[in-house]
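Colleague: Letter by letter, the sequence shown follows residues 9 to 302 in this note's numbering. All C-beta atoms in this analysis are idealised placements derived from N, C-alpha and C, irrespective of residue type, glycine included.
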Amino acid sequence: MQTNSSLIEGSWQLIFTTRPGSASPIQRTFVGVDSFKIFQEVYLRTDDPRVINVVKFSESIGELKVEAEATIEDGKRILFRFDRAAFNFKFLPFKVPYPVPFKLLGDEAKGWLDTTYLSQTGNIRISRGNKGTTFVLQKSADQRQLLLSAISAGTGVKEAIDDLTSSRQGIEADLNTLAGEWQLLWSSKTEDESWSFVASAGLKGVQIIKEDGQLKNLVRPFPGVSLNASGNICKNEDGNNFNLSINKGAIQAGGLQFPLDARGEFAMEILYIDNKIRISNINQHKLVHMMYTL
Numbered sequence: 009m010q011t012n013s014s015l016i017e018g019s020w021q022l023i024f025t026t027r028p029g030s031a032s033p034i035q036r037t038f039v040g041v042d043s044f045k046i047f048q049e050v051y052l053r054t055d056d057p058r059v060i061n062v063v064k065f066s067e068s069i070g071e072l073k074v075e076a077e078a079t080i081e082d083g084k085r086i087l088f089r090f091d092r093a094a095f096n097f098k099f100l101p102f103k104v105p106y107p108v109p110f111k112l113l114g115d116e117a118k119g120w121l122d123t124t125y126l127s128q129t130g131n132i133r134i135s136r137g138n139k140g141t142t143f144v145l146q147k148s149a150d151q152r153q154l155l156l157s158a159i160s161a162g163t164g165v166k167e168a169i170d171d172l173t174s175s176r177q178g179i180e181a182d183l184n185t186l187a188g189e190w191q192l193l194w195s196s197k198t199e200d201e202s203w204s205f206v207a208s209a210g211l212k213g214v215q216i217i218k219e220d221g222q223l224k225n226l227v228r229p230f231p232g233v234s235l236n237a238s239g240n241i242c243k244n245e246d247g248n249n250f251n252l253s254i255n256k257g258a259i260q261a262g263g264l265q266f267p268l269d270a271r272g273e274f275a276m277e278i279l280y281i282d283n284k285i286r287i288s289n290i291n292q293h294k295l296v297h298m299m300y301t302l
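(1) Can you tell me whether M298 is buried or exposed? The criterion is at least 16 other CB atoms within 10 Å of its CB, across all chains shown.
(2) Could you check where the beta strand (DSSP E) with D55 kicks off and where it finishes?
(3) Would the region 263-278 and the region 232-250 be scored as touching if the rule is three or more Cβ pairs under 8 angstroms?
(4) Would you identify the three-state DSSP class for L155, choosing helix, strand or coil?
(5) Among all the DSSP beta bridges, which residues are the ones paired with G137?
(6) Considering just the uninterrupted stretch of the alpha helix (DSSP H) at I169, what are its terminal residues?
(7) Within the region 81-130, note down every full beta strand (DSSP E) run reaching 3 residues or more, in order along the chain.
(8) I'd like to check one pair, N61 with A76: are the Cβ atoms closer than 9 angstroms?
(9) Of the residues G210, F230, G262 and I217, which one's Cα is nearest the Cα of N289?
(10) Is any non-hydrogen atom of the ligand ZN found closer than 8 angstroms to the C-beta of F44, if you look at the structure I gave you?
(11) Cα separation between A275 and Y125?
(12) Which word fits L264, buried or exposed, when buried means at least 16 other C-beta atoms lie within 10 angstroms of its C-beta?
(13) Sort out for me which residues DSSP pairs S19 with in a bridge.
(14) Please state the DSSP three-state secondary structure of N283.
(15) Which residue or residues does DSSP assign as beta-bridge partners of K218?
(16) In whole angstroms, give me the CA-to-CA distance for S208 and I254.
(17) Going by Cα to Cα distance, which pick from N244, D282, K147 and W20 is closest to W190?
(18) Taking the alpha carbon of E277 as the point to measure from, which residue in Q292, I285 and K284 has its own alpha carbon closest?
(19) Buried or exposed for I46, please, with buried defined as at least 16 other CB atoms from any protein chain shown within 10 angstroms of its CB.
(20) Using only the alpha-carbon positions, how far apart do S68 and K98 sit?
(21) Return the first residue and the last residue of the alpha helix (DSSP H) that F266 is part of.
(22) With H, G and I counted as helix, E and B as strand and the rest as coil, what does DSSP make of S205?
(23) What first and last residue would you give for the alpha helix (DSSP H) that runs through T142?
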């Protein structure tokens with residue numbers, strides 16, 4: 009079964025597993041816990057491919073999220089290495105880091121996952137792990153999931169954006185909800201733009217926003233070369249509209265750094281935002297970002 013199929017992308021709920029006792033300590037956050045809802049999120053078509061295991065305790069308690077770097081071997085096998093995790097409790101205003109550094113776990117923090125069956129509609133998946141455990145998963149097909157699937161397939165993205173933004177299911181946008189690292193998944197158009205404008209407007213790569221309004225865009229156009237543009241973001245009094253002011257930029261190549269004229273003023277409207285996905289409009293460019301950090 010080809011692991012690089014776009015149907016594998018997205019959020020999956022675990023509905024059955026075999027041999028939960030054979031799993032590694034990290035994998036046991038994903039198997040053998042009957043009283044919790046267990047999900048696996050697969051994002052292989054981004055600049056930072058990842059597999060994310062999520063244990064949802066309850067709406068009142070919170071969740072544990074364990075992330076792994078992922079690569080595809082021979083188009084069939086997902087190789088992964090867990091590198092970060094945190095508890096997100098509803099009753100605490102901050103996240104609690106996983107208590108054991110993954111570097112100390114050695115081989116216990118890595119493994120592989122084969123997809124042995126994927127239904128034609130892409131809503132049922134059977135996978136086998138390196139510990140011999142078999143997982144049966146069902147795709148969580150909400151509007152957000154449909155958008156991610158459309159982006160992976162490269163078709164129907166604008167329609168999926170319209171459906172999600174019209175659902176009014178998101179949360180209010182402010183500097184607190186915007187704070188974090190956001191990986192760009194999709195942009196409506198960038199072909200005719202210069203690299204300096206792309207970096208300044210954040211039309212590719214990663215965007216980092218801090219609660220005090222500091223903003224930084226990071227773009228890697230070529231291996232070993234990165235562009236960055238820094239500035240500030242502030243909210244207007246008018247709804248979910250923000251002003252972005254970029255005042256400096258730089259090009260980094262190896263150990264060298266050169267100035268980049270990336271100055272610019274931009275108007276950004278948040279069309280939809282939750283704790284995972286952000287849809288925005290910047291200078292007539294529609295952008296879809298995914299929260300990068302825990």
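Modeller: From the atom records:
(1) Indexing the sequence shown from 1 puts residue 298 at position 290. Burial of M298 is indicated by the presence of at least 16 other C-beta atoms within 10 angstroms of its C-beta.
(2) Here residue 55 refers to the residue found at position 47 of the sequence shown. Counting along the chain, D55 falls outside any beta strand (DSSP E), and DSSP gives it neither H nor E.
(3) The region 263-278 makes contact with the region 232-250, as at least three CB pairs between them are under 8 angstroms.
(4) By one-based count along the sequence shown, residue 155 stands at place 147. If DSSP states are grouped into helix, strand and coil, L155 belongs with the helices.
(5) What you label residue 137 is simply residue 129 of the sequence shown in a count that begins at 1. Residue pairing by DSSP puts G137 in a beta bridge opposite L121.
(6) Sequence index remark: in the sequence shown, residue 169 carries index 161 (1-based). V165 to T173 is the extent of the alpha helix (DSSP H) around I169.
(7) List check, beta strand (DSSP E) in window: 85-97 and 118-126.
(8) To locate residue 76, count along the sequence shown from 1; it is residue 68. To locate residue 61, count along the sequence shown from 1; it is residue 53. The Cβ atoms of A76 and N61 lie closer than 9 angstroms to each other.
(9) For the purposes of this step, residue 289 is taken as the residue at position 281 of the sequence shown. Closest by alpha carbon: G210.
(10) The ligand ZN is not part of the structure shown, which contains no ligands of any sort.
(11) Indexing the sequence shown from 1 puts residue 275 at position 267. Indexing the sequence shown from 1 puts residue 125 at position 117. Near 46 angstroms, if we compare the C-alpha coordinates of Y125 and A275.
(12) Sequence index remark: in the sequence shown, residue 264 carries index 256 (1-based). L264 sits exposed, since fewer than 16 C-beta atoms from the chains shown fall within 10 Å of its C-beta.
(13) Mapped onto the sequence shown, residue 19 falls at position 11. For S19, which the question treats as bridged, DSSP gives the partners E49.
(14) Counting from one through the sequence shown, the residue named residue 283 turns up at place 275. When secondary structure is reduced to three states using DSSP, N283 falls in the coil class, being assigned neither helix nor strand.
(15) Sequence index remark: in the sequence shown, residue 218 carries index 210 (1-based). Residue pairing by DSSP places K218 opposite no residue, since no beta bridge is assigned to it.
(16) Within the sequence shown, the letter at position 200 stands for residue 208. Within the sequence shown, the letter at position 246 stands for residue 254. The alpha-carbon atoms of S208 and I254 are separated by roughly 6 angstroms.
(17) Sequence index remark: in the sequence shown, residue 190 carries index 182 (1-based). Ranked by Cα distance from W190, the options N244, D282, K147 and W20 are led by D282.
(18) Position 269 of the sequence shown, counted from the start, is the residue given in the question as residue 277. Out of Q292, I285 and K284, the CA that lies nearest to the CA of E277 is found in Q292.
(19) Looking up residue 46 in the sequence shown gives position 38. I46 is buried by the Cβ-count criterion.
(20) For this step, residue 68 is matched to residue 60 along the sequence shown. For this step, residue 98 is matched to residue 90 along the sequence shown. When rounded, the distance between both Cα atoms is 6 angstroms.
(21) Position 258 of the sequence shown, counting from 1, holds the residue named residue 266. From DSSP, F266 is part of no alpha helix (DSSP H) but of the beta strand (DSSP E) over L264 to P267.
(22) Within the sequence shown, the letter at position 197 stands for residue 205. Just to set this straight, residue 205 is Phe in the shown sequence, not Ser. Three-state DSSP puts F205 in a helix.
(23) Against the sequence shown, residue 142 aligns to sequence position 134. That residue, T142, is in no alpha helix (DSSP H); its beta strand (DSSP E) goes T142 to K147.
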